[in-house]
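*Asks:* Let me begin by handing over the structure; questions about it come next.
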Amino acid sequence: MQKYISRQNFTKLLDQLIATGTRVVAPRMNAGTPLYEPLASSAEMVMDQLPRRSAKEAYFPVCEDIMTYEKEGQKVSITDIDPARFPETVLVGVRPCDACAIPVLDAVFSWDYKDEFFLERRRKTTIVGLACTTSDDACFCTAVGLSPADTKGSDLFLTPLEGGGYVCETFSDKGEALINDHTSLFNEPNNATPLPLAQPYTEKFDLKKVKVWLDEHFEDSSWDEIALRCVGCGACAFVCPACHCFDIVDEGTEKAGKRRKNWDACGFWKFTHHASGHNPRDQQPKRYRNRIMHKFKYYDDKFGQTLCTGCGRCIRVCPVGIDIAQIVEEISKK
Amino acid sequence: MTSTLIETSIYAAISESIQAEAKRILSDGQVSTIVGYAAARRKGSAQPIVITDASDAQKLIFTPACVNNLAVYLTKAKKDIPKKGKIGIVVKGCDMKALTGLMGESQLKREELYLIGVPCAGVLASTFAPSQELTDESLAPKCTECDAHLPTGCDFVPTETPLTPELEKKYAVEIARLEALTPAERWAYWKEQFAKCIKCYACRQVCPFCFCEQCLCDRNKPQMVETTPRPAGNTAWHIVRAMHLAGRCAGCAECERVCPMDIPLNLLNRKMAKELKELYDHEAGFEVTEKGPLTMFNEKDDQSFIK
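If you're matching them up, the sequences are chains F and V in order. According to our numbering, the stretch in the first sequence is residues 608 to 941, in order. According to our numbering, the stretch in the second sequence is residues 494 to 800, in order.
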């Protein structure tokens, strides 16, 4: 289904959703930083900046409670968090580099263990993607085979038009339902010209070749050249739309507390630190190697997909200028 | 308002001098390794580089994008840099203060270092793209308060002299603004900032003074600070860190530069530095001293708080 919605009706749509109790998550400013967060009103939305963190947190929050416990005398009571209570959500203004990562993550969260925290949020969320009209020299979605107008992962996809408004195209029942529930706000598509798309880093990587090299070079001096400078923080993983490692911690007192699921990152020294004191990834280049291997080899081996959408966030935030696009490009030319 | 251009034309000549000196000291075996800056892929960008071969000396540069404090690579928390023999390092004045502090804390020995100082007019703020030209607006906030454009105590410093216009001191202005708030307003400000923290620990990992081999905040037996990225643990983490750095941090502002959530962390450190100056007339980074005012007792210390 293809429709048109004016800019004014689009804000009405969001305000109506908010008024009827739907959680609307969209890019907004939080103390000066653009983030995907629940809106109190459509006026908060900022569509012209790529949020600093990806949209994955709509399904996979930075920190979430998964269980609570209470102890009284010898009696311990445990209460599970019920995913059925997660709210219906519309995730709006999602850039293709974020939306495309979501079906990629479905694979790992529904593999041998079904992660209901992720999957129930997924079922209850309608994704409204947005064609990308701005880019910088860290963007490289086109290099990993995607594009600024890629509709993968979106239920409804918006293409901004000259003079305001959007073309809306549906890609699922959820997307159609969003239009059908608010038909008065949508019109038939007109002849308005779409805004020119972003033009990111264009040279396409030969990801097959990259994988062949990775298959054969677990041990290689290049890893030192690439990552000797890595300082071992988690910034790259935490802003990434596809990184999905988490840690589980119990926090509280002897009397009561919570079990929590928090983002984790393979760049941390502690990530593979064994209780024995041994650490198989004892140097930073070995940890950074895992980041590249997981994205361009292991995830492909297991699920036939690439764990990178070229959003460029890790390049922008890396304290020491590690540039994954350059690294992968160089590997593809080896 | 139009912005004022910061003169950086001397950086080209400085780069050439650094290259020549690096080539010389690697060739004659004075140093085994040099930590410096090299150009990176993105337009105008730079990144840290470790070289051991004189033929790589030509890769070294100095530009407004050479933002890192490379002193972090010499600390024991970063074990991966080869530390055989003397190490050369490219330092700006602000980086030199960190090295001075590390020498005072017995982390480094002066005789094991070959210091290549950089006459510096300033570097770019993290909020600007690396290709941005340097102006009073795009200048890193720390550079507006710099008192070390020419590093002292180095083995080699190119002869160029940077032109450094007098600028509004950005941290001083912001600290004055925060000091004028009520405690409740100030608390609201920091609560909002700390709420954004995702515990990526970039602030810790780039800090030359966060050299603990195991950070207290990574321990879970007992757990000192909640590790979860939630307001309580985030606040505890940043306050613990600010206190641990008080009297030691010389203001390289790396923590603030790298924070992916834009938390103005150097404000905490500058505020602590201001208190230390007022209470103990202490400024970090100027001389090699073993103990700072917070780690020793002096009879002249302010004792008015004892009632």
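Using N, Cα and C, we set each Cβ at its ideal position, and we do this for glycine too.
Determine the direct distance from the alpha carbon of Leu765 of chain F to that of Gly736 of chain F, and round the result to whole angstroms.
*Replies:* Those two C-alpha atoms are separated by around 6 Å.
*Asks:* Going by CA-CA distance only, name the one from F:Glu723, F:Cys915, F:Val924, F:His885 that's closest to Val751 of chain V.
*Replies:* Taking only the C-alpha atoms, the option nearest Val751 of chain V is F:Val924.
*Asks:* Would you verify that the beta carbon of Pro634 of chain F is, or is not, closer than 7 Å to some beta carbon of chain V?
*Replies:* No, Pro634 of chain F does not count as interfacial toward chain V.
*Asks:* To which residues of the same chain is Lys692 of chain V closer than 8 Å at the C-beta, ignoring the five residues directly before and after it?
*Replies:* So the qualifying residues of the chain are Thr720, Thr721, Pro722, Gly726, Asn727, Trp730.
*Asks:* Against Cys670 of chain F, what residues of chain V qualify as contacts under a CB-to-CB distance less than 7 Å, listed in chain order?
*Replies:* The answer, in chain order, is Thr721, Pro722, Arg723.
*Asks:* Measure the CB-CB distance between Thr696 of chain F and Val632 of chain F and report whether it falls below 7 Å.
*Replies:* Yes, the pair counts as a contact, with Cβ atoms nearer than the cut-off.
*Asks:* Just the chain F side, please: which residues come within less than 7 Å of Asp711 of chain V by C-beta, in chain order?
*Replies:* Here the neighbours are Lys877.
*Asks:* In whole angstroms, give me the CA-to-CA distance for Glu795 of chain F and Arg679 of chain V.
*Replies:* If I take the Cα positions, the gap works out to 51 Å.
*Asks:* Are the segment 845-859 of chain F and the segment 697-709 of chain V touching, with three or more C-beta to C-beta distances below 8 Å?
*Replies:* These segments do not touch.
*Asks:* Identify, in the order they occur along the chain, each residue of the same chain with its Cβ nearer than 8 Å to the Cβ of Leu627 of chain V, setting aside the five sequence neighbours on each side.
*Replies:* These residues qualify, in order along the chain: Leu498, Ile499, Thr501, Pro557, Ala614, Gly615, Val616, Leu617.
*Asks:* I need the boundaries of the alpha helix (DSSP H) containing Thr618 of chain F, first residue and last residue.
*Replies:* Counting along the chain, the alpha helix (DSSP H) containing Thr618 of chain F begins and ends at 614-626.
*Asks:* Going by Cα to Cα distance, which pick from V:Ile574, V:Asp774, V:Glu749 is closest to Pro541 of chain V?
*Replies:* Comparing Cα-Cα distances from Pro541 of chain V to each of V:Ile574, V:Asp774, V:Glu749, the minimum goes to V:Ile574.
*Asks:* Are the Cβ atoms of Cys840 of chain F and Gln796 of chain V separated by less than 7 Å?
*Replies:* No, these two residues do not count as a Cβ contact at 7 Å.
*Asks:* Just the Cα atoms here: how many angstroms apart are Arg517 of chain V and Gly610 of chain V?
*Replies:* Going from the Cα of Arg517 of chain V to the Cα of Gly610 of chain V covers about 15 Å.
*Asks:* Less than 8 Å between the CB atoms is what I'm expecting for Arg659 of chain F and Pro641 of chain F, so what's the real figure, rounded?
*Replies:* Going by Cβ atoms, the distance from Arg659 of chain F to Pro641 of chain F rounds to 6 Å, so yes, they are a contact pair.
*Asks:* Report yes if the C-beta distance between Lys536 of chain V and Asp788 of chain F is below 7 Å; otherwise report no.
*Replies:* The answer is no: Cβ separation not under 7 Å.
*Asks:* Cα-Cα, which of V:Val524, V:Lys793, V:Cys742 is closest to Lys635 of chain V?
*Replies:* For the residues V:Val524, V:Lys793, V:Cys742, the minimum Cα distance to Lys635 of chain V belongs to V:Cys742.
*Asks:* Compare the C-alpha of Ala550 of chain V against each of V:Ile511, V:Pro676, V:Thr645, V:Val565 and name the closest.
*Replies:* Out of V:Ile511, V:Pro676, V:Thr645, V:Val565, V:Ile511 has the C-alpha closest to the C-alpha of Ala550 of chain V.
*Asks:* Just the Cα atoms here: how many angstroms apart are Val699 of chain F and Met754 of chain V?
*Replies:* The straight-line gap from Cα to Cα measures roughly 21 Å.
*Asks:* Rounded to the nearest angstrom, how far is the Cβ of Cys843 of chain F from that of Tyr611 of chain F, given a contact under 8 Å?
*Replies:* Contact doesn't hold; Cβ gap of about 39 Å is too wide.
*Asks:* Among residues of its own chain, excluding the 5 on either side of Arg630 of chain F, which ones have a beta-carbon nearer than 8 Å to its beta-carbon?
*Replies:* Within the same chain, Arg630 of chain F has close Cβ partners Pro645, Pro694, Glu695, Thr696, Val697.
*Asks:* What does Asn869 of chain F reach in chain V if we use C-beta pairs closer than 8 Å?
*Replies:* Result: Lys692, Thr720, Thr721, Pro722.
*Asks:* When the cut-off is 7 Å and only beta carbons count, does Glu685 of chain V lie next to chain F?
*Replies:* Glu685 of chain V counts as touching chain F.
*Asks:* Quick one: any contact between the segment 777-791 of chain F and the segment 866-877 of chain F, if contact means 3 or more CB pairs under 8 Å?
*Replies:* Touching, no, given that fewer than three Cβ pairs across the two stretches are closer than 8 Å.
*Asks:* Using a C-beta to C-beta distance shorter than 7 Å, which residues of chain F count as neighbours of Ser538 of chain V?
*Replies:* Within chain F, the residues near Ser538 of chain V are Gly928.
*Asks:* Closer than 7 Å, Cβ to Cβ, to anything on chain F: give me those residues from the segment 742-758 of chain V, in chain order.
*Replies:* Flagged, chain order: Val751, Pro753, Met754, Asp755.
*Asks:* When you compare the segment 812-828 of chain F with the segment 874-893 of chain F, are there three or more beta-carbon pairs, one atom per stretch, that lie closer than 8 Å?
*Replies:* The answer is no - the segment 874-893 of chain F does not touch the segment 812-828 of chain F, with fewer than three Cβ pairs under 8 Å.
*Asks:* Determine whether the beta carbon atoms of Lys868 of chain F and Glu671 of chain F lie at a separation below 7 Å.
*Replies:* Yes, the pair counts as a contact, with Cβ atoms nearer than the cut-off.
*Asks:* When DSSP labels each residue in this structure, what does Val846 of chain F get in the three-state scheme?
*Replies:* Val846 of chain F falls in the helix class under three-state DSSP.
*Asks:* Whole angstroms is fine: what's the gap from Glu664 of chain F's alpha carbon to His901 of chain F's?
*Replies:* Each residue's Cα considered, the two are about 20 Å apart.
*Asks:* Out of F:Ala706, F:Pro755, F:Cys748, point me to the one whose CA is closest to Pro801 of chain F's CA.
*Replies:* Answer by Cα proximity: F:Pro755.
*Asks:* Could you check how far apart the C-beta atoms of Trp820 of chain F and Arg896 of chain F are, in whole angstroms? I think they sit under 8 Å.
*Replies:* Rounded, the Cβ-Cβ distance is 12 Å, inconsistent with contact.
*Asks:* Can you list, in chain order, the stretches of the alpha helix (DSSP H) that have 4 or more residues and sit fully within the segment 697-755 of chain F?
*Replies:* The qualifying runs are 703-706, 708-716, 723-730.
*Asks:* With the cut-off set at 7 Å, would you say Gly917 of chain F and Cys748 of chain F are in Cβ contact?
*Replies:* Closer than 7 Å, so yes.
*Asks:* When DSSP builds the beta bridges, which residues end up paired with Gln609 of chain F?
*Replies:* According to DSSP, which records beta bridges pairwise, Gln609 of chain F is partnered with F:Glu776.
*Asks:* Can you find a CB in chain F that lies within less than 7 Å of the CB of Gln625 of chain V?
*Replies:* No, Gln625 of chain V lies away from the interface with chain F (no Cβ there is under 7 Å from its Cβ).
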